[in-house]
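Mapped onto this note's numbering, the consecutive letters of the sequence shown carry residue numbers 363 to 556.
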Amino acid sequence: MRSLLVLMLAGLVTAACGPAKPSANEASTATEAAKLDPSIELKQKQAEQKAAFEAAGGDEAKIDALADAGNGFALFHRGKARTESAEYYVQRGGFEDLEAAADAGNAEAQLWVGQHMAYGLQGYELKPNSGLMMMTKAAEQDNIDAILAVGLMYEQDTFMRDMDKAKTWYQRGADLGSDKAKEALAKLGTQQDF
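Here it is, written out as structure tokens:
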């Protein structure tokens with residue numbers, strides 16, 4: 363009887379005070395980790411947004427609500443669909459969604475926007491440096507397609523050409539297991555101009 367009373371009191375205290383919060387030491391450790399590597403916070407945010415997007419289960423109304431709330435995965439999904447529309451204003455809305463997704467840290471959107479800026483595609487003003495910077499954000503998240511795009515730009519773009527940087531990015535892709543990055547590294551190894 364006494365143990366039942368103790369359990370009931372503990373339940374009341376928990377209900378009144380809320381769930382246990384992380385200790386000051388645990389919170390401090392998480393904060394320090396984020397300071398040392400800001401990508402930890404971005405990765406956590408991306409994981410949360412991806413889980414919410416996947417939980418929508420393809421329901422377009424739920425995806426629209428997530429996109430309106432700033433979910434990068436939902437914005438990317440909606441933006442890609444809108445850019446395929448024949449209506450100009452719907453396409454423009456798609457570009458806005460894709461740019462918002464890129465700003466939210468979505469690597470696929472960063473790659474898409476970066477490539478369109480870097481090469482002046484679909485009405486984007488040609489801005490190779492800005493495009494490269496956007497693609498680099500995606501590559502830094504270990505997006506293989508972005509890593510290859512950044513490496514290719516450093517390898518082949520007249521103004522951005524830097525074979526050492528191309529090699530560094532291809533090596534990163536190879537280290538992540540990309541066969542295409544390994545092939546690009548092998549090709550660079552046979553060139554004499556760097």
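Glycine included, C-beta positions come from ideal geometry on N, C-alpha and C. Nothing here was measured: the structure is a model prediction, and the numbers come from that model.
Practice task
Decide yes or no for the touch test of the stretch 508-515 against the stretch 403-411: beta carbon pairs closer than 8 Å, at least 3 of them.
Solution key: no
Exercise for the section: Have a look at glutamate 517 and glutamine 484 and give me their C-alpha separation to the nearest angstrom. Expected result: Within the sequence shown, the letter at position 155 stands for residue 517. Within the sequence shown, the letter at position 122 stands for residue 484. Going by the C-alpha atoms only, they are around 24 Å apart.
Exercise for the section: With a threshold of 16 other CB atoms inside 10 Å of the CB of alanine 491, please say whether the residue is buried or exposed. Expected result: Translated into the one-based positions of the sequence shown, residue 491 becomes position 129. The question names alanine, but residue 491 in the sequence shown is asparagine. Exposed: under 16 other Cβ atoms inside 10 Å.
Exercise for the section: Just mark lysine 499 as buried or exposed, buried being the case when its beta carbon has 16 or more other beta carbons within 10 Å. Expected result: In the sequence shown, residue 499 corresponds to position 137, counting from 1. Looking at its Cβ environment, which holds 16 or more other Cβ atoms inside 10 Å, lysine 499 is buried.
Practice task
With a cut-off of 8 Å on the beta carbons, I'd call leucine 473 and alanine 429 a contact; round off their distance for me.
Solution key: In the sequence shown, counting from the first residue as 1, residue 473 sits at position 111. In the sequence shown, counting from the first residue as 1, residue 429 sits at position 67. No, leucine 473 and alanine 429 are not in contact; Cβ-Cβ is about 18 Å, not under 8 Å.
Handout entry: As assigned by DSSP and simplified to three states, the class of aspartate 541
Key = On the sequence shown, position 179 is the one that residue 541 refers to. Residue state, collapsed to three classes: helix.
Handout entry: Alpha-carbon to alpha-carbon, phenylalanine 415 and glutamine 406
Key = As a first step, residue 406 must be located in the sequence shown, where it is residue number 44. As a first step, residue 415 must be located in the sequence shown, where it is residue number 53. Answer to the nearest angstrom: the Cα atoms are 14 Å apart.
Practice task
Tell me whether tyrosine 532 is buried or exposed, calling it buried when 16 or more other Cβ atoms sit within 10 Å of its Cβ.
Solution key: Your numbering for residue 532 matches position 170 in the sequence shown. It is buried - the Cβ of tyrosine 532 has at least 16 other Cβ atoms within 10 Å.
Exercise for the section: Look at the Cβ atom of glycine 493, then the Cβ atom of glycine 476, and state whether they are nearer than 8 Å. Expected result: Counting from one through the sequence shown, the residue named residue 493 turns up at place 131. Counting from one through the sequence shown, the residue named residue 476 turns up at place 114. Taking 8 Å as the Cβ cut-off, glycine 493 and glycine 476 qualify as a contacting pair.
Handout entry: Test: methionine 522 CB closer than 8 Å to a CB of chain D
Key = In the displayed structure, chain D is absent; only one protein chain is listed.
Exercise for the section: Give a yes or no on whether the C-beta atoms belonging to glycine 434 and alanine 480 are separated by under 8 Å. Expected result: Position 72 of the sequence shown holds residue 434. Position 118 of the sequence shown holds residue 480. No, the Cβ-Cβ distance between glycine 434 and alanine 480 is not below 8 Å.
Exercise for the section: Could you pull out every residue in the same chain whose Cβ sits closer than 6 Å to the Cβ of leucine 550, ignoring the five residues on either side in sequence? Expected result: In the sequence shown, counting from the first residue as 1, residue 550 sits at position 188. Excluding positions up to five away in sequence, the list reads Lys529.
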